[in-house]
Amino acid sequence: MSVNERIQPNIGNHSKRENEILPISYLNDFTLLERLQALTSANLIVSSELDLDTVLQRIADTARQFANAAYAAVGILDEYGSITSFITSGISKEEREKIGELPHGHGLLGVLIRQGKALRVGDMSKDPRRSGFPPNHPLMTSLLGVPISLQDQVIGDLYLTDKFGFDEFSAADEWWLTLFARQAAVAVQNAHHYKRVQISHQRAQTLAELAGTLNQSIDPEELFQQITQASCRLLELPASALYLLDSGGTHFEMQSQYGLQESLNPHRLMSLDGSIAGKVLANGIPVAVSDTSALQEVLLQPLHNGRTPRSLLVVPIRCHDQVSGVIEVYSAQPREFSGEEVSLLEAFGGQAALALEKAQLYKHKEEFLSMTAHDLRAPLASIMMSAGLLAAHLPAGLPPTLTRLVNNISCNSERLNNLLNDLLDLTRLEQGKVRLHLECLEIGEAVAATAHTLIPLFEEKAQKLEFDKPLREYWVMADRRRFEQALVNLIANSNKYTPIAGTVKISLQVTGNWVTIRIKDSGPGIPLEEQNRIFDRYYRQTVHEQNSEATGTGLGLPIARYLIELHGGQIWVESEVGYGSTFFIKLPLQTSLQSM
Ligand code: ADP
Numbered sequence: 051m052s053v054n055e056r057i058q059p060n061i062g063n064h065s066k067r068e069n070e071i072l073p074i075s076y077l078n079d080f081t082l083l084e085r086l087q088a089l090t091s092a093n094l095i096v097s098s099e100l101d102l103d104t105v106l107q108r109i110a111d112t113a114r115q116f117a118n119a120a121y122a123a124v125g126i127l128d129e130y131g132s133i134t135s136f137i138t139s140g141i142s143k144e145e146r147e148k149i150g151e152l153p154h155g156h157g158l159l160g161v162l163i164r165q166g167k168a169l170r171v172g173d174m175s176k177d178p179r180r181s182g183f184p185p186n187h188p189l190m191t192s193l194l195g196v197p198i199s200l201q202d203q204v205i206g207d208l209y210l211t212d213k214f215g216f217d218e219f220s221a222a223d224e225w226w227l228t229l230f231a232r233q234a235a236v237a238v239q240n241a242h243h244y245k246r247v248q249i250s251h252q253r254a255q256t257l258a259e260l261a262g263t264l265n266q267s268i269d270p271e272e273l274f275q276q277i278t279q280a281s282c283r284l285l286e287l288p289a290s291a292l293y294l295l296d297s298g299g300t301h302f303e304m305q306s307q308y309g310l311q312e313s314l315n316p317h318r319l320m321s322l323d324g325s326i327a328g329k330v331l332a333n334g335i336p337v338a339v340s341d342t343s344a345l346q347e348v349l350l351q352p353l354h355n356g357r358t359p360r361s362l363l364v365v366p367i368r369c370h371d372q373v374s375g376v377i378e379v380y381s382a383q384p385r386e387f388s389g390e391e392v393s394l395l396e397a398f399g400g401q402a403a404l405a406l407e408k409a410q411l412y413k414h415k416e417e418f419l420s421m422t423a424h425d426l427r428a429p430l431a432s433i434m435m436s437a438g439l440l441a442a443h444l445p446a447g448l449p450p451t452l453t454r455l456v457n458n459i460s461c462n463s464e465r466l467n468n469l470l471n472d473l474l475d476l477t478r479l480e481q482g483k484v485r486l487h488l489e490c491l492e493i494g495e496a497v498a499a500t501a502h503t504l505i506p507l508f509e510e511k512a513q514k515l516e517f518d519k520p521l522r523e524y525w526v527m528a529d530r531r532r533f534e535q536a537l538v539n540l541i542a543n544s545n546k547y548t549p550i551a552g553t554v555k556i557s558l559q560v561t562g563n564w565v566t567i568r569i570k571d572s573g574p575g576i577p578l579e580e581q582n583r584i585f586d587r588y589y590r591q592t593v594h595e596q597n598s599e600a601t602g603t604g605l606g607l608p609i610a611r612y613l614i615e616l617h618g619g620q621i622w623v624e625s626e627v628g629y630g631s632t633f634f635i636k637l638p639l640q641t642s643l644q645s646m
């Protein structure tokens, strides 16, 4: 064979590029030093990357180019010894797609992987071990394959086919490829580490983000859903379930699931015996099952697609050292769960337990508050009535301090009464217990009448209350008392938060089938980040906490929001600090009466 035969013309056009290394066939006639130089350069090319797919692609490309082969492929094994990544070089995208299924590593490549030794085949068609390649694998005559091993453990394989200009690969090629594969293994390991670090980092971020979301929720049902969805997101798994222990501690119940088929009996109480969840609830130790086919007599709820989960992880949810429930996550494939994954889900379980406890406490607090408010109503009504009678029948000539005290009782018991009413109202609104008594209201008249009743408040603060010439002949279906209640809350706020001698302007505007009521004040304004939150229960801007004049409970706006939404309307605020606030109520017009 002449030297000319060994040189492939198509490599010539790369010869001036950086990193260009002569094919090993070229090097056969050169010194060992030059071969080692080529090896070092090839290693540099693959080890300068950290992304796993890029590293694998570089390994395949570099090996093919250096050995002057027509085709190269790299396979990486998973923990079960099956090929998970399969990267090729030397074929078009279309040809690559045609290969379809990955080689299983059970045929010739399996021999290479199991024995951990290089394989050199001159003519594949004559080799009895040639099986195992996918049907659309590129045609090949000669083959050189080497294991990719780390500390004597085979983690993958690298093979080349059809060396240009030669019938088969040489022993020198094998020597070179074996050494290259050893170095490549280190690059693969680094890429794996890098990927793991990246995933850990990403997961820690997701955990913090999910914990933050849970923390904001106080509705237990909503929390249950969030917990199962978040568990799936955290470990990138398709399905999960949340089970909580009942108060007796002997049974448990599924509270929510994600990605599983609907259970026929979702609220079935289960005893602790006979299930993995029950076992984890009883002893508080996480359980991972890497292949559920090994589980006998355990019935698993199918995934959405009807298939049985192939692996699962169950961790306890602990609050104050007590196991109160478990989170189960499922995978569609058999897989190991790493220690890090178990700890991560346990940490999330801890966050979930805290959020659940908080929601439970909140619920108890609300129940207690509305019960207390209810019980206080009767005695308060009696105090109010007595104070009113007392004030009306005070004998002449009493010392002014006594008169002031009686008025104080009367005034403050009324405030207390308003607060109790607000509390009870909000609870009933939240529970969907408020029914509207709708009537047809002339909206301009209704707004004017409500504003009118509040004039004394504005006079007290020497404020100007302007009302644009009201629109006439526009009608809405509304519960007069409830609509006025919402409107009073907004107008009274504008009076309360606007300083002395400020201005409040009320106007109405009709657009299409909607009427919008605007209440614009010259008060302090509301920062953007607080504008949505002021409609939440008990929310008060911190700035008012130091300002004793503008006392409040943070109930007025949530009540107004519920009431307006019950009317099919919307409520919102636009505001800029230092430039006042404008509150809007938008209601649907009663179109059939509009032209009356
Ligand atoms: P309260 O007024 O009893 O505190 P609300 O629910 O009516 O409760 O209002 C919630 C919060 O919204 C108030 O504490 C205040 O911080 C803010 N707010 C409401 N209306 C105005 C307004 N017109 N100008 C400035 N801040 C307002």
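Mapping of the sequence shown onto the numbering used here: residues 51 to 646, in sequence order. Don't be surprised by glycine CBs; every beta carbon is placed ideally from N, CA and C. Values in this document were obtained by computation on a predicted structure and should not be read as measured data.
{"Item": "Is Ile609 closer than 7 Å to Leu504 when the C-beta atoms are compared?", "Value": "no"}
{"Item": "Go through the stretch 373 to 440 residue by residue and report every complete run of the beta strand (DSSP E) that reaches 3 residues or more, in order.", "Value": "none"}
{"Item": "Taking only the alpha-carbon atoms, compute the straight-line gap between Thr342 and Ser313 and give it to the nearest angstrom.", "Value": "19 Å"}
{"Item": "Give the single residue among Ala291, His301, Glu391 and Gly334 whose Cα lies nearest to the Cα of Ser340.", "Value": "Glu391"}
{"Item": "Could you compute how far the alpha carbon of Leu350 sits from the alpha carbon of Thr134?", "Value": "27 Å"}
{"Item": "For Gly215, which of helix, strand or coil comes out of DSSP?", "Value": "coil"}
{"Item": "Shorter than 6 Å, the distance from the beta carbon of Gly389 to the closest heavy atom of the ligand FMN, or not?", "Value": "As far as ligands go, the structure on display features the ligand ADP and does not contain the ligand FMN."}
{"Item": "In chain order, which continuous runs of the alpha helix (DSSP H) of length 4 or greater are located wholly inside the stretch 472 to 559?", "Value": "493 to 503, 505 to 510 and 530 to 547"}
{"Item": "May I ask you to report which of helix, strand or coil DSSP gives Asp173?", "Value": "coil"}
{"Item": "Hey, how far is the Cα of Leu260 from the Cα of Arg385?", "Value": "24 Å"}
{"Item": "Would you kindly check if the distance between the Cβ of Ser325 and the Cβ of His301 is under 7 Å?", "Value": "no"}
{"Item": "Does DSSP put Val53 in a helix, in a strand, or in coil?", "Value": "No answer about Val53 holds up, because its pLDDT of 30 lies below 50 and its placement is not dependable."}
{"Item": "Any idea if Tyr121 is buried or exposed, counting beta-carbon neighbours within 10 angstroms, 16 or more meaning buried?", "Value": "buried"}
{"Item": "To the nearest angstrom, how far is it from the Cα of Leu607 to the Cα of Pro574?", "Value": "17 Å"}
{"Item": "Considering only residues of the same chain and omitting the five flanking positions on each side of Gly125, which have a CB-CB separation below 6 Å?", "Value": "Ile133, Phe136, Gly206 and Asp207"}
{"Item": "Hey, out of Val365, Ser267 and Gln591, whose CA is closest to Ala405's CA?", "Value": "Ser267"}
{"Item": "Excluding the 5 residues preceding and the 5 following Asp269 in the sequence, name in chain order all residues of the same chain whose CB lies nearer than 8 Å to its CB.", "Value": "Ala409"}
{"Item": "The ligand ADP and Asn545: does the residue's C-beta get closer than 6 Å to at least one heavy atom of that ligand?", "Value": "no"}
{"Item": "Is any non-hydrogen atom of the ligand ADP found closer than 6 Å to the C-beta of Gln591, if you look at the structure I gave you?", "Value": "yes"}
{"Item": "Does the beta-carbon of Gln372 have 16 or more other beta-carbons within 10 angstroms, so that it is buried, or is it exposed?", "Value": "exposed"}
{"Item": "Taking all protein chains shown into account, decide if Gly628 is buried (16 or more other Cβ within 10 angstroms of its Cβ) or exposed.", "Value": "exposed"}
{"Item": "What residue does the alpha helix (DSSP H) around Tyr121 start on, and which one ends it?", "Value": "Where Tyr121 is concerned, there is no enclosing alpha helix (DSSP H), although the beta strand (DSSP E) it sits in stretches over Ala119 to Leu127."}
{"Item": "Going by DSSP, which residues form a beta bridge with Leu637?", "Value": "Val565"}
{"Item": "Exposed or buried, Val348, counting other C-beta atoms within 10 Å across all chains shown (16 or more means buried)?", "Value": "exposed"}
{"Item": "Please list the terminal residues of the continuous beta strand (DSSP E) segment that includes Leu353.", "Value": "Where Leu353 is concerned, there is no enclosing beta strand (DSSP E), given that its DSSP letter is neither H nor E."}
{"Item": "Pick helix, strand or coil for Ala168, following the three-state DSSP scheme.", "Value": "coil"}
{"Item": "From the DSSP output, which residues share a beta bridge with Trp622?", "Value": "Phe634"}
{"Item": "Quick check: the Cα distance between Ile550 and Phe634, rounded to an integer number of angstroms?", "Value": "23 Å"}
{"Item": "Relative to the alpha-carbon of Leu159, which residue among Pro445, Asp173 and Val196 has its alpha-carbon at the smallest distance?", "Value": "Val196"}
{"Item": "Gly604: beta carbon under 6 Å from a heavy atom of the ligand ADP?", "Value": "yes"}
{"Item": "To the nearest whole angstrom, what separates the beta carbons of Gly494 and Leu430, a pair I think is in contact under 8 Å?", "Value": "Actually they are not in contact, since the Cβ atoms of Gly494 and Leu430 sit about 37 Å apart, beyond 8 Å."}
{"Item": "Go ahead and label His251 buried or exposed: buried means 16 or more other beta carbons lie within 10 angstroms of its beta carbon, across all protein chains shown.", "Value": "exposed"}
{"Item": "Considering just the uninterrupted stretch of the alpha helix (DSSP H) at Phe230, what are its terminal residues?", "Value": "Ala221 to Gln266"}
{"Item": "Where does Arg283 sit, in a helix, a strand or coil, going by DSSP?", "Value": "helix"}
{"Item": "Does the beta carbon of Leu488 fall short of 6 Å from some heavy atom of the ligand ADP?", "Value": "no"}
{"Item": "Let me check you understand the geometry: is the CB of Leu607 closer than 6 Å to at least one non-hydrogen atom of the ligand ADP?", "Value": "yes"}
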